[in-house]
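Numbering (our numbering), first residue to last: -2 to 266.
Below, the structure written as structure tokens:
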């Protein structure tokens, strides 16, 4: 059984679906905690066996890389805040963060981003446009650091259409690796698929993820498919993004039959 807590390493223990919601509810609260939606289905994926266990989809993806194979998870934290810069609001809420040691001895940190068909959020352009410049916003500096640290150059017309959420998700993954003494940091997208989805939105998310990946040096020709784990790379780095850990992005998927009341009787694809 894996030790899972809510919000922080010292947070209240999570042992089942109810305690997950009580101790690490999604930002939208009960309105977001619904069958077939990502927040509840991620929790169910970890609680479904009757104890807190790593979903087989995640185990199988990590086992694709010898460096992360056979990961023994020391702790997992639901809805963990991970700081990536010194400015107010410079934190990433990971749906789930976990860390441990792989069979080969490497320390590994993982942040999990759960998605059904929920949006990947605003673009970099939108984030900049909405910044209250007249009140001395730090958002332009934050975005510039993230861009330089992840794609290796300042924000330009190729970067502006990309999803801002993915920048701070990857930056926070690298930060988590640093703070847990890990050599490898993995951003894992966990999709939950049912016939309740808006498949146009689902496809848009997949396309946006690949556009982001292909903007990163070393992954220019990569396309992330279900079950994939990209070849680890070192990011260019900046004040907000560590460049001395190896990072990767992966994608896993759980299929949820209608009428199951959630994740029961699922299979992966």
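Beta carbons: idealized from backbone N, C-alpha and C, even for Gly.
Backbone secondary structure at residue i - three-state DSSP
i           : result
residue 66  : coil
residue 57  : helix
residue 247 : strand
residue 148 : coil
residue 138 : helix
residue 8   : coil
residue 226 : strand
residue 85  : coil
residue 26  : helix
residue 210 : helix
residue 264 : At residue 264, the pLDDT of 40 sits below 50, so the modelled position is not reliable; the number obtained from the coordinates is stated separately. Strand.
residue 183 : strand
residue 255 : coil
Alpha carbon of residue i to alpha carbon of residue j, nearest angstrom
i           : j           : result
residue -1  : residue 230 : 28 Å
residue 22  : residue 92  : 10 Å
residue 242 : residue 227 : 15 Å
residue 233 : residue 47  : 42 Å
residue 2   : residue 9   : 5 Å
residue 268 : residue 101 : The requested residue 268 does not occur in the structure, where the chain is confined to residues -2 to 266.
residue 70  : residue 14  : 19 Å
residue 82  : residue 167 : 13 Å
residue 266 : residue 190 : Caution applies to residue 266, whose pLDDT of 40 falls short of 50 and renders its modelled position unreliable; the value that the coordinates give is listed next. Roughly 10 Å separates the two Cα atoms.
residue 74  : residue 223 : 24 Å
residue 157 : residue 120 : 6 Å
residue 136 : residue 127 : 9 Å
residue 98  : residue 140 : 32 Å
residue 209 : residue 199 : 16 Å
residue 12  : residue 45  : 11 Å
Close-in-space but distant-in-sequence residues of the same chain around residue i (CB under 8 Å, 5 per side omitted)
i           : result
residue 60  : 66, 67
residue 183 : 59, 65, 105, 106, 107, 108, 170, 226, 244, 245, 246, 247
residue 317 : Here the chain covers residues -2 to 266 and nothing more, so residue 317 does not appear.
residue 125 : 136, 137, 140, 152, 157
residue 130 : 137
Contacting residues, own chain, Cβ-Cβ under 6 Å from residue i (five flanking each side not counted)
i           : result
residue 195 : 114
residue 236 : 142
residue 145 : 235
residue 111 : 35, 39, 92, 187
residue 117 : 160, 162, 202, 205
residue 72  : 0
residue 77  : 91, 94
residue 16  : none
residue 29  : 23, 36
Identity of the residues DSSP links to residue i by a beta bridge
i           : result
residue 96  : 72, 106
residue 113 : Paired residue(s): none; residue 113 is not in a bridge.
residue 231 : 243
residue 91  : 77
residue 2   : 10, 74
residue 238 : 235
residue 120 : 160
Sequence-distant residues of its chain with Cβ nearer than 7 Å to residue i (five each side left out)
i           : result
residue 213 : 147, 148
residue 87  : 80, 81, 139
residue 267 : One cannot answer for residue 267 here, as it falls past the ends of the chain, which runs -2 to 266.
residue 178 : 104
residue 220 : 207
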